[in-house]
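Chemist: The sequence shown begins at 1 in the UniProt record's numbering and counts up by one.
Yeah, the Cβ is synthetic: ideal placement off N, Cα and C, and Gly gets one too.
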Amino acid sequence: MFTQGVDAGAVKQGDFRIELCDFWLKSVPCQHGVGCRFAHGPAQLRKITLRDDLWRTKPCRNFAADKCSYGNRCRFRH
């Protein structure tokens, strides 16, 4: 429903892989393997839908203190 070209078991429901993995982009083995939060190839990318916008509802404590190093990758609202 939300992903295109991905096997049903490849991406769990609620999995927000919206960016490609930096390791994958550099063609080096990812240190996080299957637990990586980022997509290992275009087939794992997912579009954000209006319903998915609800996933950033809690404020980021680090952003308020100007210490969030995750930027757009942060799971919390900035």
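1. So, with DSSP's three-state summary, where would you put residue 17?
2. Between the C-alpha atoms of residue 65 and residue 71, what's the straight-line distance to the nearest angstrom?
3. Between residue 17 and the rest of its own chain, which residues show a CB-CB distance below 8 angstroms, the 5 nearest in sequence each way excluded?
4. Leaving out the 5 sequence neighbours to the left and right, which residues in its chain are closer than 6 angstroms to residue 19 when beta-carbon positions are compared?
5. Output the distance between the C-alpha atoms of residue 63 and residue 56, rounded to the nearest integer angstrom.
6. Among residues of its own chain, excluding the 5 on either side of residue 58, which ones have a beta-carbon nearer than 6 angstroms to its beta-carbon?
7. So residue 23 is in the alpha helix (DSSP H); what residue range does that whole segment cover?
Modeler: Straight from the coordinates:
1. As a working note, residue 17 is residue 17 in the sequence shown. It is coil, neither helix nor strand.
2. The residue labelled residue 65 in the question sits at position 65 within the sequence shown. The residue labelled residue 71 in the question sits at position 71 within the sequence shown. Each residue's CA atom was taken as its position, placing residue 65 and residue 71 some 13 angstroms apart.
3. The count along the sequence shown starts at 1 and reaches residue 17 at position 17. Counting only Cβ-Cβ distances below 8 angstroms, and skipping sequence neighbours, we find 11, 37, 38, 39, 44, 45 and 46.
4. Mapped onto the sequence shown, residue 19 falls at position 19. Excluding the 5 residues flanking it on each side, residue 19 has same chain C-beta neighbours closer than 6 angstroms at 38, in chain order.
5. The residue given as residue 63 occupies position 63 in the sequence shown. The residue given as residue 56 occupies position 56 in the sequence shown. Distance between the alpha carbons of residue 63 and residue 56: 13 angstroms.
6. Stepping through the sequence shown from its first residue, residue 58 is reached at position 58. 76, listed in sequence order.
7. Working through the sequence shown from its first residue, we reach residue 23 at position 23. According to the DSSP assignment, residue 23 belongs to the alpha helix (DSSP H) that extends over 22-25.
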